[in-house]
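In our numbering, the protein residues as written are 15 to 247.
Beta carbons: idealized from backbone N, C-alpha and C, even for Gly.
Owing to the predicted nature of the structure, the values given are computational and were not obtained by experimental measurement.
What follows is one structure encoded as structure tokens, with my remarks underneath.
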Amino acid sequence: MTTNTRTEVTFEDLPGLMSRMTGDEKHGPAATSTLDALWVLYDRVLRVTPATAEAQDRDRFLLSKGHGPMAYYAVLAAKGFLDPALLPSFGAYDSPLGHHPDRTLVPGVEIGSGSLGHGLPLAVGTALGLRAQGLTDSEVWVLVGDAEFDEGSNHEAVAFAGATGLDRLHVVVIDNSSATHGWQGGIAARFTAEGWSAETVDGRDHEALYAAFTAEHPGRPRAVIARVEPKEY
């Protein structure tokens, strides 16, 4: 797996970038729960940069957990996809940085998201499309929240991806105990039952996240469940 070249911006700079975004409906807990996983992906795993954001053979990252995109915007700014000067405009009427990411307005964003249960099916379709084009080196990553698995569309996507061996597909589930329904044996068991490779890790441990993200999983899609502190309402 090829890693990105490091920039001078570090993980410790992200809270400062996030603090520039003010206004209502920030969904702070939803944003901060994703911060570590997003950083590890963009800093060490994804094969995409501002210069290659339109390249056909790039890796694709889809943010299904579209509520509270402040962490996503902060990471995109840290990695040069968007100008940090835009961050204070977050949520303003004429700002490209809406309360849900818009692929037509924000460089590097692959999908418009926010409606629960859409991102994983879109990722499955993306992985199928890349396979059909012979782009076997391009990987698809989608970040979802545990509450999204209350939606039946995600369960259908999990079953289909496992049955078709979409080994370029990776799902990161941010588990902050906000789902309505539970799963016997935990979330990872839902994936392994459908033929996926799955692992549960500490969602704040960057080395554990990196090891899980880069683990080999020949012939099978990969799911990483990143456990973080329970959401406080």
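| Query | Result |
| --- | --- |
| Can you give me the Cβ contacts of Gly143 inside the same chain, cut-off strictly under 7 Å, excluding the 5 residues immediately before and after it? | none |
| If I follow the unbroken alpha helix (DSSP H) through Gly217, where does it start and stop? | From DSSP, Gly217 is part of no alpha helix (DSSP H); its letter is neither H nor E. |
| Within 10 Å of its beta-carbon, does Gly199 have 16 or more other beta-carbons around it, so buried, or fewer, so exposed? | exposed |
| I'd like the span of the alpha helix (DSSP H) that includes Trp210, first residue to last. | From DSSP, Trp210 is part of no alpha helix (DSSP H); its letter is neither H nor E. |
| In the DSSP assignment, the beta strand (DSSP E) including Val158 goes from what residue to what residue? | 154 to 159 |
| At what residues does the alpha helix (DSSP H) containing Ile201 begin and finish? | 201 to 206 |
| Would you check if there are 3 or more beta carbon pairs closer than 8 Å linking the region 199 to 214 to the region 229 to 245? | yes |
| My guess is that Asp181 and Gly233 are in contact by the Cβ rule of under 8 Å, so how many angstroms apart are they, rounded? | 5 Å |
| Assuming the contact rule is C-beta atoms closer than 8 Å, Leu119 and Tyr86 should be a hit. Round their C-beta distance to whole Å, please. | About 13 Å; that fails the 8 Å criterion. |
| What's the C-alpha gap between Lys245 and Ala193? | 10 Å |
| Could you check the C-alpha separation between Gly105 and Leu223 for me, to the nearest Å? | 30 Å |
| Checking the sheet assignment: what are the DSSP bridge partners for Ala237? | Val185, Ala212 |
| Just to confirm my understanding: we take Ile188, look at its own chain, exclude 5 residues before and 5 after, and list those with CB closer than 8 Å. What are they? | Ser47, Thr48, Ala51, Lys79, Leu157, Val158, Gly159, Asp160, Gly217, Ala240, Val242 |
| Can you give me the C-alpha to C-alpha distance between Pro29 and Thr36, rounded to a whole angstrom? | 13 Å |
| Closest to Ala212 by C-alpha separation, out of Thr140, Asn190, Val186, would be which residue? | Val186 |
| For the alpha helix (DSSP H) that Arg145 lies in, which residues bound it at each end? | 133 to 146 |
| What is the DSSP secondary structure of Leu76, counted as helix, strand or coil? | strand |
| Can you grab the Cα-Cα spacing for the pair Leu31 / Arg74, in whole Å? | 24 Å |
| Check each candidate in Gly122, Gln70, Glu230, Val54 and name the one with the smallest Cα separation from Arg145. | Gln70 |
| Considering only their Cβ atoms, is the gap separating Leu134 from Ala88 smaller than 8 Å? | no |
| Going by other Cβ atoms of all chains shown within 10 Å of its Cβ, with 16 needed for buried, is Thr150 buried or exposed? | exposed |
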